[in-house]
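Residue 334 in this note's numbering sits at position 190 of the sequence shown, with consecutive numbering throughout.
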Amino acid sequence: MNPQAKLLFITSLFLGTTITITSNHWVMAWTGLEINTLAILPLISKSHHPRAIEAATKYFLVQAAASALLLFSSMTNAWYIGQWDITQLTHPTSCLLLTTAISIKLGLVPFHFWFPEILQGTSLTTGLLLATALKFPPITLLLLTSSSLNPTLLTTMAVASAALGGWAGLNQTQTRKILAFSSISHLGWMAIILVYNPKLTLITFYLYCLMTVPIFLTLDTIKTLKLTTMSTAWTKIPSLTAILMLMLLSLAGLPPLTGFLPKWLIIQELTKQEMTPTATIIALLSLLGLFFYLRLAYCATITLPPNSINHMKQWQTNKSTKMLTTTFITLSIMLLPLSPMIFAAP
């Protein structure tokens with residue numbers, strides 16, 4: 145892709161995100177979301193592969209439908225209440241329509257079908273944008289309207305997302321699809337605490353992005369798209385592949401690593417809200433995700449593929465890992481001990 149065109153699309157993504165997260169008016173928020181959608185479409189379809197074109201078409205249709213529903217929700221609220229302010233969304237029908245629209249945009253269950261397919265049809269770098277940056281504006285809108293949303297509906301969708309994200313990821317062999325179902329599962333954790341502690345949802349999203357970015361960058365560096373190629377890719381950059389195991393376990397939420405922090409805080413907050421059964425269910429459902437993260441970690445660190453077929457050994461590359469990747473890797477593994485300092489800060 146032409147560098148000038150790529151710069152234009154990336155700038156448009158920043159512009160769309162900024163407009164949405166800084167606006168008070170529903171029409172401005174909607175405009176920002178539309179700019180984002182139009183800016184990412186060329187990046188999805190840049191390879192001109194049929195799967196990429198299919199992914200771009202699906203993405204456009206899904207996002208256009210969600211945006212129309214969001215606009216309809218805000219218009220209904222303005223019709224009854226006479227307010228276009230984002231924080232003044234109080235009409236029950238509007239709240240229901242907004243929850244549906246944002247769930248479609250994010251890929252929460254039962255509106256998750258588009259997300260794994262689109263991630264599978266794009267490159268890893270565009271997939272990284274779809275899994276992190278493009279989820280920030282819809283999550284911001286959810287945070288701004290959190291006081292008006294239905295807690296029962298959100299909790300149901302959150303538990304369903306955590307369950308399906310873990311369950312559907314079990315039999316996947318494509319790394320991009322595994323990361324897509326991982327994203328759906330993490331969205332469940334964010335949604336379940338949204339009504340009770342919106343700041344915790346934002347912290348969880350930030351930490352999820354912090355852990356997902358280095359995994360995507362590492363997979364892009366070692367050019368790994370399938371589990372079978374991952375088991376032979378260790379020869380390319382052995383140290384990076386070994387650390388990939390720790391990053392995956394951090395994403396799974398194992399205690400000494402960064403990923404344990406959001407899960408710990410969310411379970412603590414749910415218990416405070418006297419939702420112990422819900423906390424127990426979502427904690428048990430995270431074990432499903434742990435299984436496929438462990439399988440990925442196993443494939444990343446074994447020295448020989450677990451079958452009798454002879455694989456050609458790949459050449460070790462001497463290129464150094466980028467500074468950005470190493471910074472994100474360090475943060476995605478070692479942030480837990482710093483957490484008291486983060487939360488104690490005024």
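For glycine and all other residues, C-beta sits at the position ideal for the given N, C-alpha and C. In this text, all values refer to a predicted model and were calculated from it rather than measured experimentally.
Exercise. Pull up the distance between the alpha-carbon of Leu177 and that of Trp223, whole angstroms please.
Key: Going by the C-alpha atoms only, they are around 22 Å apart.
Exercise. Report yes or no: do three or more beta-carbon pairs, one from the segment 321–339 and one from the segment 267–281, lie closer than 8 Å?
Key: Short answer: they touch.
Self-check item: Local conformation of Lys466 per DSSP, three classes
Solution: If DSSP states are grouped into helix, strand and coil, Lys466 belongs with coil.
Self-check item: Leu182 versus Leu297, Thr385, Lys407 and Ala200, residue with shortest Cα-Cα distance
Solution: Nearest to Leu182 by C-alpha distance, out of Leu297, Thr385, Lys407 and Ala200, is Ala200.
Quiz item: What residues in its chain sit with their C-beta under 7 Å from that of Leu498, if we drop five residues either side in the sequence?
Solution: Nothing can be reported for residue 498, as the shown portion of the chain is limited to 145 through 490.
Quiz item: If we call anything under 8 Å between Cβ atoms a contact, is Met172 one with Ile165?
Solution: One thing to note: Met172 has its Cβ no nearer than 8 Å to the Cβ of Ile165.
Quiz item: Can you give the Cα-Cα distance for Leu369 and Leu263, rounded to whole angstroms?
Solution: Between Leu369 and Leu263, the C-alpha separation is close to 11 Å.
Quiz item: Between which two residues does the alpha helix (DSSP H) harbouring Met355 extend?
Solution: Residues Pro342 to Thr365.
Exercise. Alpha carbon to alpha carbon, how far is Lys343 from Thr477? Give it in angstroms, no decimals.
Key: A quick correction: the sequence has Ile, not Thr, at residue 477. Rounded to whole angstroms, Ile477 to Lys343 spans 22 Å at the Cα level.
Quiz item: What three-state label does DSSP hand His235 in the structure shown?
Solution: Looking at His235 - three-state DSSP - the assignment turns out to be coil, as it is neither helix nor strand.
Quiz prompt | For Asn341 and Leu414, the rounded distance between their alpha carbons | solution = C-alpha separation (whole angstroms): 9 Å.
Quiz prompt | Assigned secondary structure, Lys370 (DSSP; H/G/I helix, E/B strand, else coil) | solution = Note: Lys370 maps to strand in three-state DSSP.
Quiz item: Looking only at C-alpha atoms, which of Leu346, Leu468, Asn221 and Ser238 sits nearest to Phe360?
Solution: Selected option, being the one with the closest Cα: Leu468.
Quiz prompt | Limits of the unbroken alpha helix (DSSP H) element including Leu401 | solution = No alpha helix (DSSP H) holds Leu401; DSSP gives it neither H nor E.
Quiz item: The alpha helix (DSSP H) with Asn377 in it runs from where to where?
Solution: Here residue 377 is Ala; the residue named in the question, Asn, does not match the sequence. Segment: none, Ala377 is in no alpha helix (DSSP H) and carries neither H nor E.
Self-check item: Buried/exposed call for Phe259, threshold 16 Cβ in 10 Å
Solution: Buried is the label assigned to Phe259, since at least 16 other Cβ atoms lie within 10 Å of its Cβ.
Exercise. Take Trp170 and list the residues in its own chain whose beta-carbon comes closer than 7 Å to its own, dropping the five residues that flank it on each side.
Key: For Trp170, where only same-chain residues beyond five positions count, the Cβ hits under 7 Å are Ser218, Trp228 and Ile230.
Quiz item: Candidates Ala307, Ser189 and Cys239: which alpha carbon is nearest His256's?
Solution: Nearest neighbour of His256 by Cα position, chosen from Ala307, Ser189 and Cys239, turns out to be Ala307.
Practice problem: Locate the alpha helix (DSSP H) running through Thr201, then write down its first and last residues. | Solution: Thr201 -> alpha helix (DSSP H) spans Pro194 to Ile225.
Quiz prompt | Secondary structure of Ser452, DSSP reduced to three states | solution = For Ser452, the pLDDT reaches just 49, beneath the cut-off of 50, and the residue's location in the model is therefore unreliable, leaving the point undetermined.
Quiz item: Going by Cα to Cα distance, which pick from Pro406, Thr175, Leu331 and Leu314 is closest to Leu91?
Solution: For the chain, the structure presents residues 145 to 490; residue 91 sits outside this window and is missing.
Quiz item: Which two residues bound the contiguous alpha helix (DSSP H) that contains Pro295?
Solution: Note, Pro295: alpha helix (DSSP H), Pro295 to Ala312.
Exercise. Report the partner residues of His169 according to the DSSP bridge assignment.
Key: Note: His169 is bridge-paired with Asp229 in the DSSP secondary-structure output.
Exercise. State yes or no: is the C-beta of Thr266 within less than 8 Å of the C-beta of Ala196?
Key: Yes, the Cβ-Cβ distance between Thr266 and Ala196 is below 8 Å.
Practice problem: Ignoring anything shorter than 4 residues or poking outside the segment 407–448, list the alpha helix (DSSP H) runs there in chain order. | Solution: Those alpha helix (DSSP H) runs which fall completely within the segment 407–448 and span 4+ residues are 420–445.
Quiz item: Near Gly403, what residues of its chain come up, given a Cβ to Cβ distance below 6 Å and the 5 sequence neighbours on each side ignored?
Solution: Its chain contains Met355, Ser394, Leu395 and Gly397 as the residues whose beta carbon lies nearer than 6 Å to that of Gly403, once the 5 sequence neighbours on both sides are disregarded; these appear in chain order.
Quiz item: From what residue to what residue does the alpha helix (DSSP H) around Gly251 run?
Solution: That residue, Gly251, is in no alpha helix (DSSP H); it is neither H nor E in DSSP.
Practice problem: For my contact list, Ile446 and Ile387 are in at a C-beta cut-off of 8 Å; report their separation, rounded to the angstrom. | Solution: Between the beta-carbon of Ile446 and that of Ile387 there is about 15 Å, and that puts the pair past the 8 Å contact cut.
Quiz item: How about Leu346 and Ser305: do their beta carbons lie closer than 8 Å?
Solution: No. Outside cutoff.
Exercise. Tell me, please, which residues DSSP counts as bridged to Gln318.
Key: Note: Gln318 sits in a beta bridge opposite Lys370.
Quiz item: Short check: CB of Met374 to CB of Ala444, under 8 Å?
Solution: Contact: yes.
Self-check item: Residue environment, Gly226, which counts as buried when at least 16 other CB atoms sit within 10 Å
Solution: Exposed, by the Cβ-count rule.
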